[in-house]
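Engineer:
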Amino acid sequence: MPNNMMRMGLRVTSQTGLPYIFATELPVGPRAMLQTNVSALVIRSALAFLMSAIVCYVLAQFLTGPILNLRAAALRITAGDLGVRADARLTQRKDELGDLVLDFNRMADTNQRVISRQRQLLYDVSHELRSPLTRMNVALDLLRNRVGEDSALDRIELDTERLNEMIGRLLTVTKLENASTLLNPVPLALSDLVRSIASDADFEAQRNGGTVRVVNTCDISMNGDYSLLRSAIENVVRNAVRHTEPNTSVDIQLDGPTKTDRANAIITVRDHGEGVPENELANIFEPFYRVIDADRKDENGVGLGLSITDRVIRLHGGTIEASNAIGCGLLVTIRLPLSLQSA
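Numbering of the sequence shown is given in UniProt numbering, commencing with residue 1 and proceeding in unit increments.
(1) Check for me: the beta strand (DSSP E) holding residue 237 runs from which residue to which?
(2) For residue 284 and residue 198, which I take to be in contact (beta-carbon distance under 8 Å), what is that distance rounded to the nearest angstrom?
(3) Quick one: what does DSSP say residue 184 is sitting in, helix, strand or coil?
(4) Since residue 122 and residue 172 should fall inside the 8 Å C-beta cutoff, what is the C-beta to C-beta distance between them, to a whole number of angstroms?
(5) Tell whether a beta-carbon distance below 8 Å holds between residue 236 and residue 210.
(6) For residue 303, which residues of its own chain have a beta-carbon under 6 Å away from its beta-carbon, when the five flanking residues on both sides are left out?
(7) Is residue 123 helix, strand or coil when you go by DSSP?
(8) Between which residues of its own chain and residue 98 is the CB-CB distance below 7 Å, once the five residues before and five after are set aside?
(9) Using 10 angstroms around the beta-carbon of residue 320, count the other beta-carbons present and answer buried if the total reaches 16, otherwise exposed.
(10) To test your reading of the DSSP string, which unbroken beta strand (DSSP E) runs of 3 or more residues are found completely within the region 300-341?
(11) What is the DSSP secondary structure of residue 265, counted as helix, strand or coil?
(12) Can you give the Cα-Cα distance for residue 265 and residue 334, rounded to whole angstroms?
(13) For residue 167, which of helix, strand or coil comes out of DSSP?
(14) Could you give the first and the last residue of the continuous alpha helix (DSSP H) run that contains residue 190?
(15) Can you name the start and end residues of the beta strand (DSSP E) that residue 251 belongs to?
(16) Using a Cβ-Cβ distance under 8 Å, would residue 257 count as near chain C?
(17) Would you give the residue range spanned by the beta strand (DSSP E) that residue 216 belongs to?
(18) In or out: residue 246 buried (at least 16 other Cβ within 10 Å) or exposed?
Here you go:
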């Protein structure tokens with residue numbers, strides 16, 4: 001029977017009891033044809049959509065998978081993990097994406113070698129400078145025994161001490177840059193550490209009529225390298241003491257987990273100085289970077305303290321950032337993950 005025809009039948013029984021069926025074929029109208037084929041249309045559409053979705057998913061994974069892998073590797077390298085590479089299995093692809101992954105890994109290898117050599121050179125030079133400085137100090141002591149007190153000798157001794165301190169910081173930066181994990185983690189109480197640092201810094205601040213205050217603290221213990229962590233936080237506090245205005249305070253605050261940040265202990269240090277230009281905030285944790293201030297000459301700093309702090313905090317899995325406080329001053333925020341919390 002043609003698709004455009006519809007068969008209709010009628011069954012009747014005669015007076016003698018014999019059954020009869022009367023059948024006829026009639027043309028099907030548009031509405032009846034639509035109702036007849038709607039189920040088949042829905043099923044075919046669903047199957048087509050399902051097949052399209054599967055094909056698109058497979059194609060998307062094939063095309064975007066290498067790109068996402070490259071992006072993840074690039075972000076980790078940017079964060080300082082120079083040993084990260086993109087998945088080597090992706091280089092087996094015989095297309096442009098495989099070539100891109102291969103070139104990326106080669107570039108990462110070259111960058112790691114160059115940076116490692118620079119760090120090693122910096123370490124070697126800094127270490128070698130220690131010997132002549134030691135001999136200079138011995139010569140100064142012998143000269144003092146001959147001529148007594150002399151302002152020129154005092155100046156030479158002061159500059160020698162500063163140079164020796166800078167070399168020590170350079171060696172520290174190099175060691176921290178080459179370290180990937182903490183070497184001496186021990187249980188420590190952050191509240192006691194913060195109070196101890198504040199007490200020492202307050203003595204230094206009193207020379208300019210200032211104070212160092214712990215405005216809030218809480219009992220939090222974690223595992224970390226005590227000496228490194230103390231040095232890192234102390235660098236921030238002493239930097240605040242140097243730059244706060246005379247007769248003002250440096251405020252330190254230690255907070256535990258909050259509703260918006262349940263994973264970290266948060267340490268904030270705020271001074272009441274002039275702050276830092278917005279376009280320079282992102283650079284103050286770089287080695288040897290110093291904010292240019294024509295009104296205040298800080299001859300004692302060499303631009304390594306905050307760089308050391310940044311590396312120490314990252315070794316502990318934390319973050320550090322700086323922003324200008326409301327009103328005046330610089331606000332430094334340190335976040336230390338409680339995943340390192342001691343048992």
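Built from N, CA and C at the ideal position, the CB exists for glycine as well.
Structural biologist: Per the coordinate set shown:
(1) Note, residue 237: premise wrong, no beta strand (DSSP E); alpha helix (DSSP H) at 226-243.
(2) Not quite, the Cβ-Cβ distance comes to about 22 Å (not below 8 Å), so this is no contact.
(3) coil
(4) Actually they do not touch by this definition, with Cβ atoms about 11 Å apart.
(5) no
(6) 288, 289 and 290
(7) helix
(8) 90, 91 and 92
(9) buried
(10) 319-324 and 330-337
(11) strand
(12) 8 Å
(13) helix
(14) 190-205
(15) 249-255
(16) No chain C appears in the structure shown, which is made up of a single protein chain.
(17) 211-216
(18) exposed
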